[in-house]
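Below is one structure, written out as structure tokens; the observations come after it.
Numbering (this note's numbering), first residue to last: 9 to 444.
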């Protein structure tokens, strides 16, 4: 617990002045979010009021749970959601600065401070059956995943694009790896005050794409379950070609192989290819798929294509599943990288929507709903045109812009637009427009 010299006794003045004293050492970066540079010498003081409020929430949740019931049951998630909804009025008005300064005064045991889920994750309350955490999000977003725990979460700061999916398994390769199909079920725009429940296993598959920098979410979740349950899985791909992979507790040798592949990329392309081919000969389908998925975002388009061709040559049918899924993963990574360059919430919303829809009509319908516009084609074109004028995300000639307008409005192509339309539909940012 710390206080800058001269802080007022008033709790509200304390929050403001304490935050200013601490945040002087936190700097915004357009690519890395905030990070600490210098923290001035501080003097001990009492616990931050926000920490006390989380303790009150933790005790209320403990009392509501009682001593019976399964932590994996819908009852836990329902009670967690009810407690968050009741408690939200006490958390209004808090900011990133308040969260960061309060974190310096918490004494709660940290669940997993090294986790990349959140930047950072902060544990505020650690009980025997559950914990309360907040996650700060800048430019990171979640993959499509399910959960090995139950609970509920809410948005404290910022907005997020939230989507839920359904996975249909076609072939189980191992208990930790399945091939199948992944379908978008629904999408919504989450704003502060909205609460959503988390159900363990693949009954609740979702992802979060954060629209504001920063966004902050708050979760009440089980720390452990009282019956065996398979671990959390993440999902790669879309629609007809998707992979479901258990994400945690991977063998040490797999981790070493992945790091060796990354290290070989620092040398030259030939070394990476030689190492990948050697692994291809000695390892099975699941291991090679995981290694390709975890290193593919570091590869050039040509390098990734070479790896996928080698994989398909060895396992033709199953390899095609993986190729399609990893190419879709590459498309998502492209959108994430482009989002780093935009701060406008509506721009980031469009980039988020371009990650997933399978057709142009899907995209238009989602824009109509989530951007709350009666003319989604004009809304999209306005942003594409602005990006083209800036020349940062898109490079388009005047005739290509007209071709783009025609595609969005569903107009038949004129002869002088045919080549331009072909070019647009092979632009990674615009590929969805080629599927009516």
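All C-beta atoms, glycine included, are put in the ideal place defined by N, C-alpha and C. Just so you know, these numbers come straight off a predicted model, no measurement behind them.
What residue does the beta strand (DSSP E) around residue 159 start on, and which one ends it? Stepping through the chain shown from its first residue, residue 159 is reached at position 151. Residues 159-165.
Could you check which residue in 144, 352, 274, 351 has the C-alpha nearest to that of residue 104? Counting from 1 along the chain shown, the entry for residue 104 is found at position 96. If we check each option's Cα against that of residue 104, 144 comes out closest.
Are the beta-carbon atoms belonging to residue 229 and residue 138 less than 8 Å from one another? By one-based count along the chain shown, residue 229 stands at place 221. By one-based count along the chain shown, residue 138 stands at place 130. Closer than 8 Å, so yes.
To which residues does DSSP link residue 134 through a beta bridge? Counting from 1 along the chain shown, the entry for residue 134 is found at position 126. Answer by DSSP bridge pairing, in chain order: 139.
Beta carbon of residue 120: closer than 7 Å to some heavy atom of the ligand ADP? The ligand ADP is absent from the structure shown, which contains no ligand whatsoever.
According to DSSP, residue 172 sits in a beta bridge with which residue or residues? For the purposes of this step, residue 172 is taken as the residue at position 164 of the chain shown. BP columns for residue 172 point to 194, 214.
Does the separation of the CB atoms of residue 155 and residue 113 fall below 8 Å? Numbered from its first residue, the chain shown carries residue 155 at position 147. Numbered from its first residue, the chain shown carries residue 113 at position 105. Not a contact, by the Cβ cut-off of 8 Å.
Could you tell me which of 392, 86, 85, 254 sits nearest to residue 183, measuring between CA atoms? By 1-based counting over the chain shown, the position of residue 183 is 175. Checking every option, the nearest Cα to that of residue 183 belongs to 254.
Range covered by the beta strand (DSSP E) that runs through residue 199: The residue given as residue 199 occupies position 191 in the chain shown. Here residue 199 belongs to no beta strand (DSSP E), and DSSP marks it neither H nor E.
Assign residue 109 to one of two classes, buried (16 or more other C-beta atoms within 10 Å of its C-beta) or exposed (fewer than that). Translated into the one-based positions of the chain shown, residue 109 becomes position 101. Residue 109 is buried by the Cβ-count criterion.
Quick check on residue 481: does DSSP put it in helix, strand or coil? Examination of residue 481 is not possible in this model, given that the chain is present from 9 through 444 alone.
Closest to residue 356 by CA distance: which of 406, 401, 266 is it? Position 348 of the chain shown holds residue 356. If we check each option's Cα against that of residue 356, 401 comes out closest.
Would residue 136 pass as a contact of residue 170 if the rule is Cβ separation under 8 Å? The residue you call residue 136 lines up with position 128 of the chain shown. The residue you call residue 170 lines up with position 162 of the chain shown. No, they are not a contact pair.
Starting from residue 248, follow the beta strand (DSSP E) in both directions and report where the run begins and ends. To locate residue 248, count along the chain shown from 1; it is residue 240. First-last of the beta strand (DSSP E) with residue 248: 241-254.
Ordered list of alpha helix (DSSP H) runs contained in the stretch 91-138, each at least 4 residues: 104-111
Between the Cα of residue 222 and those of 347, 165, 256, spot the shortest distance and give me the residue it belongs to. The residue you call residue 222 lines up with position 214 of the chain shown. Comparing Cα-Cα distances from residue 222 to each of 347, 165, 256, the minimum goes to 165.
Can residue 301 and residue 354 be called in contact, C-beta distance under 8 Å? Sequence index remark: in the chain shown, residue 301 carries index 293 (1-based). Sequence index remark: in the chain shown, residue 354 carries index 346 (1-based). Going by C-beta atoms, residue 301 is not nearer than 8 Å to residue 354.
Should the stretch 208-217 be called in touch with the stretch 274-288, which here means at least 3 C-beta pairs below 8 Å? no
Note the first and the last residue of the continuous alpha helix (DSSP H) segment covering residue 342. Position 334 of the chain shown holds residue 342. From DSSP, the alpha helix (DSSP H) with residue 342 extends over 324-347.
Pick from 150, 327, 286 that is closest to residue 188, judged by C-alpha positions: By 1-based counting over the chain shown, the position of residue 188 is 180. The candidate whose alpha carbon is nearest that of residue 188 is 327.
Buried or exposed: which applies to residue 120, given that a residue is buried once 16 or more other Cβ atoms fall within 10 Å of its Cβ? In the chain shown, counting from the first residue as 1, residue 120 sits at position 112. It counts as exposed.
Run of the beta strand (DSSP E) containing residue 226, from where it starts to where it stops: For the purposes of this step, residue 226 is taken as the residue at position 218 of the chain shown. Note, residue 226: beta strand (DSSP E), 223-230.
Whether residue 340 touches residue 368 by CB criterion (8 Å): Walking along the chain shown from the start, residue 340 turns up at place 332. Walking along the chain shown from the start, residue 368 turns up at place 360. For residue 340 and residue 368, no; Cβs fall outside 8 Å.
Residue 407 versus residue 383 - alpha carbon distance: Here the question's residue 407 lines up with position 399 in the chain shown. Here the question's residue 383 lines up with position 375 in the chain shown. Between residue 407 and residue 383, the C-alpha separation is close to 22 Å.
Buried versus exposed call for residue 91 [16 or more other C-beta atoms within 10 Å across all chains shown]: One-based indexing of the chain shown puts residue 91 at position 83. Residue 91 comes out buried.
At which residue ranges does the stretch 343-415 contain complete beta strand (DSSP E) runs of 3 or more residues, listed in the order of the chain? none
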